[in-house]
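Numbered according to this note's numbering, the sequence shown spans residues 1170 to 1410.
Beta carbons: idealized from backbone N, C-alpha and C, even for Gly.
What follows is a set of notes on a single structure, which appears directly below.
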Amino acid sequence: MIDKQSPLPMYYQIEEEIKQRIAEDEYRAGDMIPSERELSETYEVSRMTVRQAITNMVNEGVLFREKGRGTFVADKKIEQPLQGMTSFTEDMKSRGMDASSKLLIFEKITAPFDIARKLQIDEKADVYKIQRIRYADQKPMAIETTFIPVAMLPGLSERVVQGSLYDYIERTKKLKIGKASQMIEATTADENQSSLLDVSALSAILHIERNSFLTDGTPFEVVKSSYRADRYKFISDIYRA
Ligand code: GLP
């Protein structure tokens, strides 16, 4: 199992070994892995070495620790392709997961300066400010704050945004969503975000901003979202010119 003559560090070999057990479903999401003491006996290495392996896997999001309880196998991260302009509801459906939302804010406000500029509307124009926690199979995945010009969707209601916004725009309002520009950046969860997302303070967060346009080029939303970095990874195919 562990080759002490190998040039590969022992903590690395332990990581590979545990990851293999996870890949082969020997350890499943939510399972507790053996304690540091047990692992150090099994692999005949020091507890320091085991701790290093576990810490690396916790930082990667493969395992998580619970104080006083032990170390557990984390849910597999959702692999989100970067190419398609999909909705949260579609993303979850395509994985066989149930999408739901908890509405935290639904109000009409005067557009903040940066939002008005991105939506290409008058600074005094009204926008909806909508904040939702997005859940996959009842587990919090992201907090999304969406700004939409009121003039574009005058009939928008709390009930509508409990469901899919894109579905409402396309199927009910018959508007054609065209494209978006999107930015992803690393942050950490503040106190409010960590409690809403059910993660510990200062957990890694993927901050995503999307500026979306109809096919005729009219901007229709600015969305600022905070995704749990322990639940998401973004993937893309790239081509050499
Ligand atoms: C994703 C995007 C958001 C978009 C949302 C719409 O989460 N990041 O920019 O507003 O999907 O999702 P739904 O149609 O489920 O409301």
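key: Element boundaries [beta strand (DSSP E), containing Thr1218]   = No beta strand (DSSP E) contains Thr1218, which is instead part of the alpha helix (DSSP H) from Arg1216 to Glu1229.
message = Measuring straight from C-alpha to C-alpha, what distance separates Gly1332 and Arg1301?
response = 10 Å
Contacting residues, own chain, Cβ-Cβ under 6 Å from Ala1198 (five flanking each side not counted) = Val1242 and Asp1244
ask   = Just the Cα atoms here: how many angstroms apart are Leu1365 and Ala1358?
value = So the alpha carbons of these two residues sit roughly 10 Å apart.
message = Using only the alpha-carbon positions, how far apart do Leu1288 and Val1391 sit?
response = 7 Å
request  = Please report the Cβ distance between Gln1249 and Phe1382, rounded to the nearest whole angstrom; I am assuming they are in contact, meaning their Cβ atoms lie under 8 Å.
outcome  = The pair is not a contact, with the Cβ atoms about 21 Å apart (cut-off 8 Å).
message = Using 8 Å as the cut-off, can you tell me whether the region 1290-1301 makes contact with the region 1273-1282, which would need three or more C-beta pairs spanning the two stretches below that distance?
response = Cβ pair count under 8 Å is three or more, so yes.
inquiry  = I need the DSSP call for Tyr1408, collapsed to helix, strand or coil.
reply    = coil
query = Can you name, in chain order, every residue of its own chain whose Cβ lies under 8 Å from the Cβ of Lys1246, other than the five neighbours on each side?
reply = Gly1230, Asp1399, Arg1400, Tyr1401 and Lys1402
query = Which residue from Leu1251, Lys1277 and Arg1303 puts its Cα closest to that of Ala1268?
reply = Arg1303
request  = Give me whichever residues DSSP pairs with Thr1315 in a beta bridge.
outcome  = Ile1299 and Val1392
query = Using the rule of at least 16 other Cβ atoms within 10 Å of the residue's Cβ for burial, across every protein chain shown, is Thr1240 buried or exposed?
reply = Buried: at least 16 other Cβ atoms inside 10 Å.
query = Buried or exposed: Ser1395, going by 16 or more other Cβ atoms within 10 Å of its Cβ?
reply = buried
key: Tyr1196 beta carbon less than 8 Å from that of Gln1221   = no
ask   = Closest by CA to Pro1309, which one among Lys1271, Thr1315, Thr1341 and Leu1375?
value = Lys1271
task = Please name the residue or residues paired with Arg1328 in a DSSP beta bridge.
result = DSSP output for Arg1328 lists no bridge partner at all.
Beta-ladder partner(s) of Ser1350, from DSSP = Asn1380
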